[in-house]
Amino acid sequence: MSGYKEYNDVQRCLILIEEKLNWGSSKEWHNDVFIELSERIQEETKVLLSSTTLKRVWGRVNYNSAPSISTLNALAQFAGFLNWRDFKNNNDASEFTFYKKSVLKNLKVIMLSAFIIAALFLSIFSMSSNKSTRVKDYSKVLFKSRAIVEGLPNSVVFDFDLKDVKSDNILIQQYWDATKTIKIDREQKQATGQYYFPGYFRAKLLIDNQIVKEHDLFIKSNGWLGTLDYEPVPKYFKEREIKKGNSLSFSKKILEEVAELEKPITSTFHYVNDLGSISGDNFELVSNVRNLFTEKWGVCQKTTIIIVGTKSALLIPFSISGCVSEIGLMLSDVYLDGKKSDLSAFGTDLSSFKNIKIKTEDKNITVYVEGEQIYKSSYKEPLGNIVGVRFKFKGIGEVEDLMLKDLKGKSFLKI
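Below is the structure:
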């Protein structure tokens, strides 16, 4: 949408933000990058702009209205100004100064320089166009990866052949976070990257900030995996340590360890594997869930069920009713912030087991607690096939009687 009054000012502000982030061309940003940007803006400005709002502003989603003043203020603050008015005043002043001092007073010099530059460019282009075309044809560049071991943590070896590449700006982006890159020299044949959590990632080879090759990278959990999510390295628990009959739980010793911590920590049960052909847009997941840590920083009982797809994900949050303003719901391309949206339906006491069912049908999602429908909505961007399920708890939680099946009743995962 480019017809609203302040469109050009907004574009200049976005350019400043992109320069600040240095995440490469925004044309290559996908949903996870906008989620990361949303978090960065919230950290610096204390204002939450959803990934959907950001995609609208960047023109990635069709929308027929100008951004709200609260959105513009947050963007301007993130770009380094007090608010939108301050950005416009500085922008207008700098433009006026530039035209007054650099154009009106030096018009003849600028025109002469333009002719010289144009002639020089045409000369250089005519001599080097064939060479340039050859150098920038990266279709035959080799780029692949392989995990060194099974399980986690895991190092991944990237193999590549850059013999025809002339650039010195070569990077490997390991996953969706565009800031997590590996610098590559042209002479290199290999590089390694570290992964601490299972997941379905998209590895990318970038040359001069342009994605030239990319492929899926699947780090599997090999059954159920538990993590106590310390940073930078989590504590791991194998399936035999957390799976007992039809339940997933941590030991009493781990619960005591968490209870002694002064700072909040999350724990997670992961199952990330090849589940077969089960669509994330047509499935049913049923489980009994409870949060065991309800003291100190765990009083809100924050709990999130995550469905990992090959293309996107679902994040279904729960907390006690008094804390729903602190949770967020993600349905692929849709994000709702509890501070700006009514998520009171997800307020429930999980200190005892609650039966939770999540069902999608043709991108329509319904959530049930104890057999009662609490939420219904829809999304547009497909999830792809399901490759993982996570249960994330602020503190420590427990899961029983999980069943993941398609809408025809075929079971794909069960405990």
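To convert a position in the sequence shown, counted from 1, into the working numbering, add 2. We treat Cβ as the ideally placed atom computed from N, Cα and C, and that holds for glycine.
- Per the coordinates, the alpha-carbon of Gly228 lies some 53 angstroms from the alpha-carbon of Asn91.
- Inter-residue distance for Val151 and Arg392 is about 22 angstroms (C-alpha atoms, whole angstroms).
- Asn275 sits in coil when the DSSP states are folded into three classes, being neither helix nor strand.
- Residue environment: Gln13 is assigned as exposed (fewer than 16 neighbouring CB atoms within 10 Å of its CB, all protein chains considered).
- One thing to note: Tyr198 has its Cβ within 8 angstroms of the Cβ of Leu154.
- Within the region 228–273, the complete alpha helix (DSSP H) segments of 4 residues or longer fall at 241–244, 254–261, listed in chain order.
- Runs of the beta strand (DSSP E) spanning 3 or more residues and lying entirely within the region 324–376 occur at 330–333, 336–339, 356–363, 366–371, in chain order.
- When only Cα atoms are considered, Phe203 and Leu263 end up about 31 angstroms apart.
- If you look at Lys57, you'll find it isn't in any beta strand (DSSP E); it sits in the alpha helix (DSSP H) that goes 53–59.
- The C-beta separation of Glu286 from Lys356 comes to about 17 angstroms, leaving the pair out of contact by the 8 angstroms criterion.
- In this structure, the CA atom of Ser52 is about 35 angstroms from the CA atom of Glu259.
- For Ile388 and Leu164, the gap between their C-alpha atoms comes out near 34 angstroms.
- Within the DSSP bridge table, the entry for Thr306 names Pro319, Lys394 as partners.
- In this model, Tyr9 and Arg242 are separated by some 57 angstroms (Cα to Cα).
- For the region 147–171, the full-length beta strand (DSSP E) segments reaching 3 residues or more read 156–163 along the chain.
- Going by C-alpha positions, Leu415 is about 5 angstroms away from Leu406.
- Taking the CA atoms as reference points, Asp276 sits about 43 angstroms from Cys15.
- For Ser413, the enclosing beta strand (DSSP E) starts and ends at 413–416.
- The bridge partners DSSP lists for Val301 come to none.
- DSSP places Leu207 in the uninterrupted beta strand (DSSP E) bounded by 201–209.
- Here Tyr197 is bridged, per DSSP, to Asn156.
- If the five residues before and after Ser28 are omitted, its C-beta is found closer than 8 angstroms to the C-beta atoms of Leu16, Glu20, Trp60, all from its own chain and listed in chain order.
- Spatial neighbours of Ser380 in its own chain (CB-CB distance under 6 angstroms, excluding positions within 5 residues in sequence) are listed in chain order as Lys365, Asn366.
- Of Lys146, Ile186, Asp283, the smallest CA-CA separation from Glu383 is found for Asp283.
- In this structure, the alpha-carbon of Val214 lies about 41 angstroms from that of Gly411.
- In this structure, the straight-line span from the alpha carbon of Glu402 to that of Ile37 is close to 31 angstroms.
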